[in-house]
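Residue numbers (the numbering used here): 664 to 1055. Cβ atoms here follow ideal geometry from the backbone N, Cα and C, with glycine treated the same way. In what follows, a structure is listed as structure tokens, so that the remarks can point back to it.
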Amino acid sequence: MHTFAQIAPLLEGQAIEVPSWAYGNSGTRFKVFGSPGTPRTVEEKVADAATVHRFTGLAPKVALHIPWDMVDDFGALRRHAEDLGVALGTINSNTFQDEDYKFGGLTHSDPKIRQKAIDHHFECIDVMHRTGSQDLKIWLADGSNYPGQADIRGRQDRLADSLATIYERLDESQRLVLEYKFFEPAFYHTDVPDWGTSYAQVAALGERAVVCLDTGHHAPGTNIEFIVAQLLRLGKLGSFDFNSRFYADDDLIVGAADPFQLFRILFEVVRGGGYGPANPDGTSEVAFMLDQCHNIEQKIPGQIRSVLNVQEMLARALLVDLDELGAAQVAGDVLGAHQVFMDAFYTDVRADLAAWREERGLPGDPMRAYDESGHQAEIEAARVGGSQMSWT
Ligand code: PSV
Ligand code: MN
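If you want it as structure tokens, here you go:
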């Protein structure tokens, strides 16, 4: 196993993108609880994201959702973010909250509605030019509820056409990232249910079209780390939407439900070359994003906890000595190989990470530092009046 000192330099470039919607009130199909201090504007959401970065040094970008985060002047929003020390990241499109999309958007059989969904993506690309964002992330609510309701094959063909039209509009530095989800809101079939469908669709588009893996979007028991390994092997893993789940798309704090699964996923990321400086700007080609909601816990600490969980499991995954592991695997030493893997997983890196943070002028314990900073009380007092933002 490597030592912490050996892997510490590799932690340097870690960047996790936080979602703007994590700071607004959000929820399930049931009650959406309000909480004191919730942002009332997009600018306040960006400020909260910047707070997470200030306490952790891990979250330099904030992802936006259009139209939830629509503003008149994205240039001004970009400057606001930069003034606070963060950048605007992935632009997420949304074709799941408009009456017209009852039977789908990019797959719709009515050319007018399909064009409307395509135009929405053109609008998102315009936003990307103003925000300096690299990725356009597409998740579709398209699908059907009853066998026979829809022409599954026709919808795949129309999806391919729509995506090609959108892809053509992107410039050389921008990527199209297609997210899959096996159910919900459609229950019989979804048009992009799995990594294979997403892969087939993006492979037909070109180099700059890649897959987004949301960790909450699989059937229970799915071996997600296998999908990670396969997509990296194919050069098509574009980004993660990290969160954790017990039952379905629970959107809980990443690493909370099953830290071992997060470790296994991050191990395959490291093993497959998905972590590390791959782009000229020093960032990895795989964007580490969170896609979470904080319904009953405080939102800023919820996000701080999340990015720390990712950092912690990444550090443990980096501890695995791939040569040692490979030798045990080749020798057929089943339990020896397993032990190499588990020794890294069971290594508590929290004290080392605290010292590492302090060396960089960051708080050793960001959760405690946030608690003691008085920031939560300040925003709760300052953000009285106006209407709190929510995820719709
Ligand atoms: C869909 O469930 C999803 O994971 C997509 O990424 C959306 O953009 C996001 O949730 C909205 O919360
Ligand atoms: Mn997602």
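DSSP places Val970 within a helical segment (H, G or I) once states are collapsed to three. Under the 10 Å beta carbon count, Val725 is surrounded by 16 or more other beta carbons and is classified as buried. Between the C-alpha atoms of Ala713 and Thr753 there is a straight-line separation of about 16 Å.
DSSP places Cys875 inside the beta strand (DSSP E), whose first and last residues are Ala872 to Asp877. Checking the 7 Å criterion, the Cβ of Glu1035 is out of range of every heavy atom belonging to ligand 2. Between the alpha carbons of Phe766 and Arg871 lies a distance of about 28 Å. Here the C-alpha atom of Arg896 lies approximately 28 Å from the C-alpha atom of His852. Here Ser1053 is bridged, per DSSP, to Asn688. Checking the DSSP bridge columns, you'll see Phe951 partnered with Ile679 and Phe903. For the options Ile1042, His728 and Asp834, the alpha carbon positioned closest to that of Asn757 is the one of His728. Taking 7 Å as the cut-off, one finds no heavy atom of ligand 1 near enough to the beta carbon of Trp858. Those residues that bring their Cβ nearer than 6 Å to a heavy atom of ligand 2 are Trp802, Glu842, Asp877, Asp904 and Asp954. Between ligand 1 and the CB of Lys724, the shortest heavy atom gap is not smaller than 7 Å.
For the segment 954-1021, the continuous alpha helix (DSSP H) assignments of 4+ residues that do not extend past its boundaries occur at 962-982, 985-993 and 997-1008, in sequence order. Not one heavy atom of ligand 1 lies closer than 7 Å to the C-beta of His852. Here Val749 is not near Asp732, since their CB atoms are 8 Å or more apart.
Shown here for Asp857: same chain residues with a beta carbon closer than 7 Å to its own, the five before and five after excluded, namely Tyr843 and Phe845 in chain order.
Counting only residues of its own chain and dropping the five nearest sequence neighbours on each side, Leu977 has a CB closer than 6 Å to the CB of Leu929. Between ligand 1 and Asp912, a heavy atom-to-CB distance of less than 7 Å is present. Not one heavy atom of ligand 1 lies closer than 7 Å to the C-beta of His783. For Met664, the closest of Ser1053, Gln1051 and Val1003 by C-alpha to C-alpha distance is Val1003. Distance between Arg1031 and Ser807, taken at the CA atoms: about 47 Å. Between Asp824 and Ala950, the gap from beta carbon to beta carbon reaches 8 Å or more.
Taking all protein chains in view, the Cβ of Gly965 is crowded by 16 or more other Cβ atoms within 10 Å, so the residue is classified as buried. Cα atoms of Arg703 and Arg742: separation of roughly 19 Å, rounded to the nearest angstrom. Annotation note: the segment 910-944 contains the following uninterrupted alpha helix (DSSP H) runs of length 4 or greater, listed N- to C-terminal: 922-934.
Around the C-beta of Ser772, fewer than 16 other C-beta atoms lie within 10 Å, and the residue is accordingly described as exposed. Relative to ligand 1, even the nearest heavy atom lies 7 Å or more away from the CB of His957.
Under DSSP, the beta-bridge partners assigned to Gly806 are Thr853.
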